[in-house]
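Note that our numbering numbers the sequence shown so that position 100 is 98, with each residue one more than the last.
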Amino acid sequence: MDLTRLIEAALLVASEPLGIDQLQRLTPGGRTPSRADIQQAIDQLTLECAERALELTHTAGGYRYQVRATYTAAVAPLLAERAPRYSRAALETLAIIAYRQPVTRADIEDIRGVSLGSNLLKTLIDRGWVRAVGHREVPGRPAVFGTTRAFLDHFGLRSLGELPSLADLADPAHEPQLSMLAEAADTHAS
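Right, dumping it as structure tokens:
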């Protein structure tokens, strides 16, 4: 069985990114390919996608196929399920958590200058993008929140270090990138 085609098939049917360890366990017959063999097959698949609308990306959770950003808006209407729309408040809250984590609800409210709606954090937690990562050692022991691997995977990031710098986001020249990020949150949600 061709390892490259087996990996291609697995990535096409997987509902979430697959890591090298997961891909190694796919091969039938008890023969486990080396990490180098898996990486070579991934490199081959990446090359094969170079001129296609589909690309093979590496995220925090592993590898996945996705539609290139150039074509996302054009194919979005074809999605069977209508992607949920996220409010500006939800996206601002998500950005605060991503850039300032770990943060408490009070930290978020202080940065935004308004109180959080009762369902705002719940929406982000239910989506799997945010989770409570502990408690701050102050009176009341408030929960502190951080992003999840699902957040990284959804936005095509390997780590938080790949987020654009805050200085870049403040530059008006990056407004198209901010709009694209908001569209990605709405379009890719499933």
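By construction, the Cβ of each residue, glycine as well, lies at the ideal position given by its N, Cα and C atoms.
Just the C-alpha distance for leucine 9 and threonine 121, rounded to the nearest angstrom, thanks. Within the sequence shown, numbered from 1, the residue matching residue 9 stands at position 11. Within the sequence shown, numbered from 1, the residue matching residue 121 stands at position 123. Those two C-alpha atoms are separated by around 28 Å.
Three-way DSSP call (helix, strand, coil) for threonine 102 in this model: As a first step, residue 102 is located in the sequence shown; it is residue number 104 there, counting from the start. Strand at threonine 102.
Give every residue of the same chain whose Cβ lies closer than 6 Å to the Cβ of arginine 33, excluding the five residues on either side of it in the sequence, and list them in chain order. Residue numbering aside, residue 33 sits at position 35 when the sequence shown is read from its first letter. Non-local beta-carbon contacts of arginine 33 in its own chain, meaning distances under 6 Å to residues more than five positions away in sequence, involve Ile18 in chain order.
Cβ-based neighbour list, arginine 156, same chain, cut-off 8 Å, excluding 5 preceding and 5 following: Here residue 156 refers to the residue found at position 158 when the sequence shown is read from its first residue. Contacts found: His56, Thr57, Ala58, Leu150.
Alpha helix (DSSP H) segment containing glutamate 6, residue limits: Within the sequence shown, numbered from 1, the residue matching residue 6 stands at position 8. Run containing glutamate 6: 1 to 11, per the alpha helix (DSSP H) assignment.
Find the nearest neighbour of valine 101 within the set Gly144, Leu118, Gly60, Tyr61, judged by alpha-carbon distance. For the purposes of this step, residue 101 is taken as residue 103 along the sequence shown, with counting starting at 1. Valine 101 has its Cα closest to that of Gly144, out of Gly144, Leu118, Gly60, Tyr61.
Within the continuous alpha helix (DSSP H) that includes glutamate 46, where are the two ends? Along the sequence shown, one-based indexing puts residue 46 at 48. Per DSSP, glutamate 46 is one residue of the alpha helix (DSSP H) stretching across 33 to 46.
Rounded to the nearest angstrom, what separates histidine 152 and glutamate 6 at their Cα positions? The residue you call residue 152 lines up with position 154 of the sequence shown. The residue you call residue 6 lines up with position 8 of the sequence shown. Each residue's alpha carbon lies about 20 Å from the other.
Quick check on tyrosine 84: does DSSP put it in helix, strand or coil? Here the question's residue 84 lines up with position 86 in the sequence shown. If DSSP states are grouped into helix, strand and coil, tyrosine 84 belongs with coil.
Suppose the cutoff is 8 Å on Cβ atoms and the five residues either side in sequence are ignored; what does the same chain contact list for threonine 68 look like? Counting from one through the sequence shown, the residue named residue 68 turns up at place 70. Same-chain partners within the cutoff: Ala51.
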